[in-house]
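S.K.:
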Amino acid sequence: MERIGHWIGGRPWDGVAERTGPVYNPATGEERARVDLATAEVVDAAVAAAAQALPEWRATSLTRRASALFAFRDLVAGRREELAALITAEHGKVQQDALGEVQRGLEVVEFACGIPHLLKGAYSLNVSTRIDAYSIRQPVGVCAIISPFNFPAMVPMWFYPLAIACGNTVVCKPSEKDPSVSVRVAELWAEAGLPPGVFNVVHGDAVAVDRLLEHPGVQAVSFVGSTPVAHHIYQQGTSHGKRVQALGGAKNHMLVLPDADLDLAADAAVSAGYGSAGERCMAISVVVAVDPVGDDLVDRIAERTRKVAVGDGSRPGSEMGPLVTGAHRDRVTGYVAGGEAAGARLVVDGRGWAVDGAPGGFWLGPCLFDRVTPEMMLYRDEIFGPVLSVVRVPSYEAGVALINANPWGNGTAIFTNDGGAARRFQEEVEVGLIGINVPIPVPMAYYSFGGWKASLFGDSHAHGTDGVHFFTRGKAVTSRWLDPSHGGIHLGFPTNQ
Ligand code: NAD
Numbered sequence: 000m001e002r003i004g005h006w007i008g009g010r011p012w013d014g015v016a017e018r019t020g021p022v023y024n025p026a027t028g029e030e031r032a033r034v035d036l037a038t039a040e041v042v043d044a045a046v047a048a049a050a051q052a053l054p055e056w057r058a059t060s061l062t063r064r065a066s067a068l069f070a071f072r073d074l075v076a077g078r079r080e081e082l083a084a085l086i087t088a089e090h091g092k093v094q095q096d097a098l099g100e101v102q103r104g105l106e107v108v109e110f111a112c113g114i115p116h117l118l119k120g121a122y123s124l125n126v127s128t129r130i131d132a133y134s135i136r137q138p139v140g141v142c143a144i145i146s147p148f149n150f151p152a153m154v155p156m157w158f159y160p161l162a163i164a165c166g167n168t169v170v171c172k173p174s175e176k177d178p179s180v181s182v183r184v185a186e187l188w189a190e191a192g193l194p195p196g197v198f199n200v201v202h203g204d205a206v207a208v209d210r211l212l213e214h215p216g217v218q219a220v221s222f223v224g225s226t227p228v229a230h231h232i233y234q235q236g237t238s239h240g241k242r243v244q245a246l247g248g249a250k251n252h253m254l255v256l257p258d259a260d261l262d263l264a265a266d267a268a269v270s271a272g273y274g275s276a277g278e279r280c281m282a283i284s285v286v287v288a289v290d291p292v293g294d295d296l297v298d299r300i301a302e303r304t305r306k307v308a309v310g311d312g313s314r315p316g317s318e319m320g321p322l323v324t325g326a327h328r329d330r331v332t333g334y335v336a337g338g339e340a341a342g343a344r345l346v347v348d349g350r351g352w353a354v355d356g357a358p359g360g361f362w363l364g365p366c367l368f369d370r371v372t373p374e375m376m377l378y379r380d381e382i383f384g385p386v387l388s389v390v391r392v393p394s395y396e397a398g399v400a401l402i403n404a405n406p407w408g409n410g411t412a413i414f415t416n417d418g419g420a421a422r423r424f425q426e427e428v429e430v431g432l433i434g435i436n437v438p439i440p441v442p443m444a445y446y447s448f449g450g451w452k453a454s455l456f457g458d459s460h461a462h463g464t465d466g467v468h469f470f471t472r473g474k475a476v477t478s479r480w481l482d483p484s485h486g487g488i489h490l491g492f493p494t495n496q
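Counting in numbering that gives the first Met the number 0, the sequence shown runs from 0 upward without gaps.
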């Protein structure tokens with residue numbers, strides 16, 4: 000059985016693991032490897048390695064840091080197929096989707112290659128007579144990155160390229176469900192010439208995470224995962240004096256107005272609802288149909304849903320893979336049974352779906368519910384699987400009120416041909432990421448990614464200028480060189496002259 004170990008101080012950790020966990024191939028249901036689960040001592044060793052590497056790395060010139068990023072960028076780009084295959088083997092998503100994930104991560108690396116420009120401060124000459132003022136940004140220190148299973152390559156890449164570019168060192172704690180790609184990334188960093196200890200990987204569960212949260216050597220925590228854990232991370236991390244950005248779960252709504260192009264909307268609902276088996280924080284899980292379009296829209300979505308090709312993600316032709324674990328598949332299936340019992344209309348039932356894959360895989364076909372109401376668990380919980388719910392509303396106003404009453408606020412979309420309605424929507428809706436005739440509005444790396452309400456704790460979104468600010472601390476310097484004479488003692492508060 001393959002063993003997946005930690006990466007500490009520029010090489011694989013050679014200790015003996017006290018605990019290990021299973022890593023499955025979701026398409027077969029077989030255990031493909033065991034992953035080491037870090038104890039507090041192993042976390043301490045990783046933080047010590049990061050702390051030891053920090054003084055030299057933060058003093059490394061911007062040019063050299065950027066060179067390491069360019070080299071890493073080329074290595075990841077050259078091995079995208081290999082990384083995507085690793086993702087598919089442990090997550091289950093189809094190859095094309097896994098390649099897209101690597102590509103979106105690479106965009107953050109490319110953004111971080113511009114770090115010399117991104118870290119420029121401001122300079123004001125003569126803010127007072129012969130006194131200048133300027134600003135600089137410095138690294139925060141050792142940064143912890145804790146990531147979810149659903150984007151094992153991209154989500155950590157939202158953070159570590161910028162953290163490293165800004166002069167910090169990193170301890171990454173990937174999901175224990177699909178940990179291999181992070182180890183491969185660590186090897187690529189080493190090949191790119193990054194000094195040992197700047198990028199470390201510890202695998203593990205709550206034991207490792209809780210040690211990172213309380214460790215006095217960790218200055219910043221970037222977390223992505225479910226809302227209850229994000230809340231815990233934010234509370235614990237900030238109570239230990241760290242800066243924390245904790246991105247949580249989602250329940251993303253897609254509002255379809257009667258004037259929308261219904262074929263475009265139906266294509267978008269199916270792509271965004273069932274892509275990656277619904278295991279995306281930006282998946283559409285609720286279609287809000289403004290009547291009278293409900294019947295027509297549901298027919299068009301159902302027709303397309305029935306044609307989704309479910310199968311082993313490594314096989315060409317598969318459009319949707321299995322769920323990540325058997326336990327998660329069973330949980331999602333429970334919502335399908337619960338939705339039926341609650342009185343929602345199950346238009347397409349993905350249970351028992353014909354699948355191009357091994358019988359032991361964690362399969363569930365796409366499920367479509369109509370006439371879902373806000374009290375149902377189907378609507379209230381984040382299901383994180385291939386279950387799409389249609390809620391009918393009588394008006395645009397009722398649709399926006401529904402979205403704004405939802406506790407989450409990660410992503411949303413409006414489908415309409417009315418520019419005025421779209422403009423109103425982007426202003427009125429209480430959600431961080433908005434799509435206008437775009438179902439999965441994940442911003443490019445040079446904008447920042449983040450939700451509102453229960454989808455994000457903290458005030459910094461990921462990457463973009465928010466990312467640069469999160470991974471640096473500002474200083475404002477006031478300086479006098481030319482005129483050392485101070486004109487005598489003056490006890491009043493300094494003002495400009
Ligand atoms: P999760 O919350 O179970 O796990 C995330 C990370 O936290 C993992 O590394 C895990 O090991 C760790 N963890 C789990 N339980 C913990 C605990 N009790 N204490 C400390 N650490 C713990 O999330 P997941 O199932 O891996 O990922 C899916 C979730 O992530 C969904 O809710 C999804 O919406 C969310 N997500 C959000 C975004 C976003 O940008 N907002 C992006 C991707 C995923």
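The beta-carbon is built from N, C-alpha and C at its ideal position, and this holds for glycine as well.
Note that the coordinates shown come from a computational prediction; the quantities given were computed from them, not determined experimentally.
Tell me the rounded alpha-carbon separation between L246 and D458.
M.R.: Numbered from 1 along the sequence shown, position 247 holds the residue referred to as residue 246. Numbered from 1 along the sequence shown, position 459 holds the residue referred to as residue 458. Those two C-alpha atoms are separated by around 10 Å.
S.K.: For the ligand NAD, any of its heavy atoms closer than 8 Å to the Cβ of H231?
M.R.: Along the sequence shown, one-based indexing puts residue 231 at 232. True, at least one ligand heavy atom lies under 8 Å from that Cβ.
S.K.: Nearest by alpha-carbon distance to A282: which of I163, N416, V386, N495 is it?
M.R.: Position 283 of the sequence shown, counting from 1, holds the residue named residue 282. Per the Cα distances, V386.
S.K.: Do the stretch 354 to 369 and the stretch 253 to 262 touch if we need at least three Cβ pairs shorter than 8 Å?
M.R.: no
S.K.: Does the Cβ of G457 lie closer than 8 Å to at least one heavy atom of the ligand NAD?
M.R.: Locating residue 457 in the sequence shown gives position 458, counting from the first residue. No, the beta carbon of G457 sits no closer than 8 Å to any heavy atom of the ligand NAD.
S.K.: Counting only the same chain and skipping the five closest in sequence on each side, list residues whose C-beta sits under 6 Å from that of A264.
M.R.: Residue 264 sits at position 265 when you count from the first residue of the sequence shown. V255, F414.
S.K.: Quick check: the Cα distance between L105 and G77, rounded to an integer number of angstroms?
M.R.: Mapped onto the sequence shown, residue 105 falls at position 106. Mapped onto the sequence shown, residue 77 falls at position 78. Cα atoms of L105 and G77: separation of roughly 11 Å, rounded to the nearest angstrom.
S.K.: Would you report the Cα separation of Y133 and R479, rounded to the nearest angstrom?
M.R.: The residue given as residue 133 occupies position 134 in the sequence shown. The residue given as residue 479 occupies position 480 in the sequence shown. If I take the Cα positions, the gap works out to 12 Å.
S.K.: Three Cβ pairs or more, each shorter than 8 Å: is that satisfied between the stretch 159 to 179 and the stretch 84 to 91?
M.R.: yes
S.K.: Just to confirm my understanding: we take Y159, look at its own chain, exclude 5 residues before and 5 after, and list those with CB closer than 7 Å. What are they?
M.R.: Here residue 159 refers to the residue found at position 160 of the sequence shown. So the qualifying residues of the chain are I144, V169, C171, F198.
S.K.: Only counting the same chain, and skipping five residues up and downstream in sequence, which positions put a Cβ closer than 7 Å to that of E17?
M.R.: Position 18 of the sequence shown, counted from the first residue, corresponds to residue 17. Closer than 7 Å at the Cβ level, and outside the excluded window around E17, lie T38.
S.K.: Should V126 be labelled buried (16 or more other beta-carbon atoms within 10 Å of its own) or exposed?
M.R.: Here the question's residue 126 lines up with position 127 in the sequence shown. Answer is exposed; the Cβ neighbour count stays below 16.
S.K.: Measuring alpha carbon to alpha carbon, tell me which residue in F492, P321, V297, G28 is nearest A308.
M.R.: Your numbering for residue 308 matches position 309 in the sequence shown. Checked all of F492, P321, V297, G28; the closest Cα to A308 is P321.
S.K.: Taking only beta-carbon positions, decide if V371 is within less than 9 Å of chain D.
M.R.: Any reference to chain D falls outside this structure, which holds one protein chain only.
S.K.: Please report how far the alpha carbon of R64 lies from the alpha carbon of L98, in whole angstroms.
M.R.: Here residue 64 refers to the residue found at position 65 of the sequence shown. Here residue 98 refers to the residue found at position 99 of the sequence shown. When rounded, the distance between both Cα atoms is 26 Å.
S.K.: Just confirm the distance between the C-beta atoms of D355 and R303, as a whole number of angstroms; I'd bet it's less than 8 Å.
M.R.: For the purposes of this step, residue 355 is taken as residue 356 along the sequence shown, with counting starting at 1. For the purposes of this step, residue 303 is taken as residue 304 along the sequence shown, with counting starting at 1. Wrong, their Cβ atoms sit about 18 Å apart, outside the cutoff.
S.K.: How close, in whole Å, do the beta carbons of A453 and Q244 come, if the pair is a contact with beta carbons under 8 Å?
M.R.: Counting from one through the sequence shown, the residue named residue 453 turns up at place 454. Counting from one through the sequence shown, the residue named residue 244 turns up at place 245. At roughly 14 Å, the Cβ-Cβ gap does not stay under 8 Å, so A453 and Q244 are not in contact.
S.K.: Just to confirm, are F448 and V437 a CB contact at a threshold of 9 Å?
M.R.: For the purposes of this step, residue 448 is identified with residue 449 of the sequence shown, where counting begins at 1. For the purposes of this step, residue 437 is identified with residue 438 of the sequence shown, where counting begins at 1. For F448 and V437, no; Cβs fall outside 9 Å.
S.K.: Could you tell me whether any non-hydrogen atom of the ligand NAD is closer than 8 Å to the CB of G203?
M.R.: In the sequence shown, residue 203 corresponds to position 204, counting from 1. G203: yes, Cβ under 8 Å from the ligand NAD.
S.K.: Nearest CA to the CA of G9: which residue from A52, R31, V34?
M.R.: The sequence position of residue 9 within the sequence shown is 10, counting from 1. It is A52.
S.K.: Among the residues of its own chain, which have a CB less than 8 Å from the CB of A343, if the five just before and after it don't count?
M.R.: As a first step, residue 343 must be located in the sequence shown, where it is residue number 344. Hits under 8 Å: F368, D369, R370, V371, T372, M375, L377, S388.
S.K.: Looking at V141: is its Cβ nearer than 9 Å to the Cβ of P11?
M.R.: Here residue 141 refers to the residue found at position 142 of the sequence shown. Here residue 11 refers to the residue found at position 12 of the sequence shown. No, the pair does not count as a contact, with Cβ atoms beyond the cut-off.
S.K.: In angstroms, rounded to a whole number, what distance separates the CA positions of V184 and A191?
M.R.: Walking along the sequence shown from the start, residue 184 turns up at place 185. Walking along the sequence shown from the start, residue 191 turns up at place 192. Distance between the alpha carbons of V184 and A191: 10 Å.
S.K.: How far does the alpha helix (DSSP H) with Q235 in it extend, from its first residue to its last?
M.R.: Here residue 235 is taken as the residue at index 236 of the sequence shown, counted from 1. Run containing Q235: 226 to 238, per the alpha helix (DSSP H) assignment.
S.K.: In whole angstroms, what separates the C-alpha of P115 from that of R328?
M.R.: Numbered from its first residue, the sequence shown carries residue 115 at position 116. Numbered from its first residue, the sequence shown carries residue 328 at position 329. Approximately 46 Å, taken between the alpha carbons.
S.K.: Within the stretch 243 to 290, note down every full beta strand (DSSP E) run reaching 3 residues or more, in order along the chain.
M.R.: 251 to 255, 283 to 289
S.K.: I believe P155 touches H202 by the beta-carbon criterion, under 8 Å. Please report the beta-carbon distance rounded to the nearest angstrom.
M.R.: Stepping through the sequence shown from its first residue, residue 155 is reached at position 156. Stepping through the sequence shown from its first residue, residue 202 is reached at position 203. About 13 Å separates the CB atoms of P155 and H202; that is not less than 8 Å, and the two are not in contact.
S.K.: Is it true that the CB of L161 sits closer than 9 Å to the CB of F456?
M.R.: Along the sequence shown, read from residue 1 onward, the residue named residue 456 stands at position 457. Along the sequence shown, read from residue 1 onward, the residue named residue 161 stands at position 162. Against a cut-off of 9 Å, the Cβ pair of L161 and F456 comes out as no contact.
S.K.: Kindly list the residues whose CB is nearer than 8 Å to the CB of V297, restricted to its own chain and excluding five residues on each side of it in sequence; keep chain order.
M.R.: Position 298 of the sequence shown holds residue 297. In its chain, beyond the 5 residues on either side, A288, V346, L367, D369, V389 have a beta carbon closer than 8 Å to the beta carbon of V297.
S.K.: Quick one, which of A121, S394, N24, S284 has its alpha-carbon nearest T411's?
M.R.: Here residue 411 refers to the residue found at position 412 of the sequence shown. The candidate whose alpha carbon is nearest that of T411 is S284.
S.K.: Could you tell me the alpha carbon to alpha carbon distance between V101 and F69, rounded to whole angstroms?
M.R.: To locate residue 101, count along the sequence shown from 1; it is residue 102. To locate residue 69, count along the sequence shown from 1; it is residue 70. Whole-angstrom Cα-Cα distance: 16 Å.
S.K.: Given that a residue counts as buried once 16 or more other Cβ atoms are within 10 Å of its Cβ, and exposed if not, what is P422?
M.R.: Looking up residue 422 in the sequence shown gives position 423. The amino acid at residue 422 is misidentified as Pro; the sequence shows Arg. With fewer than 16 other Cβ atoms within 10 Å, it is exposed.
S.K.: Would you say I300 and A268 are within 9 Å of each other, going by their C-beta atoms?
M.R.: The residue labelled residue 300 in the question sits at position 301 within the sequence shown. The residue labelled residue 268 in the question sits at position 269 within the sequence shown. Yes.
S.K.: Which stretch, first to last residue, makes up the beta strand (DSSP E) that contains I144?
M.R.: Counting from one through the sequence shown, the residue named residue 144 turns up at place 145. Start and end: 141 to 145.
S.K.: Quick one: Cα of G473 to Cα of N167, how far?
M.R.: Taking the sequence shown and counting its residues from 1, the one referred to as residue 473 is at position 474. Taking the sequence shown and counting its residues from 1, the one referred to as residue 167 is at position 168. About 14 Å.
S.K.: Counting only the same chain and skipping the five closest in sequence on each side, list residues whose C-beta sits under 7 Å from that of M443.
M.R.: By 1-based counting over the sequence shown, the position of residue 443 is 444. Same-chain partners within the cutoff: E106.
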